[in-house]
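The structure appears below as structure tokens.
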Amino acid sequence: MNGKPGDHPITDIVRHRIARYGDPLDSQIRQLGELMSYHRLCDWFEQHWSRSPQQLEPIVAAKLEEMQRSAQEGGWENIGP
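Counting from 1, one number per residue, gives the positions in the sequence shown under the numbering used here.
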């Protein structure tokens, strides 16, 4: 990864705000980027990157729900859908 547009789906979506999968998936991945470090998000996404958007939707939604719940339990404010 060199961080340039087109290099990696997460880089495109989170850093360059380029549509990669379309909404709601891109928006949910951006939200994950607010709750996880960039490197942690990339590491997590690595196991899923080759899946279709339809396969990714429930996986990303579940991870977002998990991270939002964890943030709320940890005392973060204004976290949620």
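Glycine included, every Cβ here is placed at the ideal spot set by N, Cα and C.
Bear in mind the structure is a predicted one, so any value in this text is a computation, not a measurement.
query	result
For Met36 and Ser52, I'd like the C-alpha separation in whole angstroms.	23 Å
Beta-carbon within less than 6 Å of Phe45's beta-carbon, same chain only, minus the 5 sequence neighbours each way: which residues are those?	Ile10
So Ala61 and Gln28 are in contact, right, with Cβ under 8 Å, and what is the actual spacing, rounded?	6 Å
Compute the Euclidean distance between the alpha carbons of Arg20 and Gly75, then round it to the nearest angstrom.	32 Å
Would you identify the three-state DSSP class for Pro24, choosing helix, strand or coil?	coil
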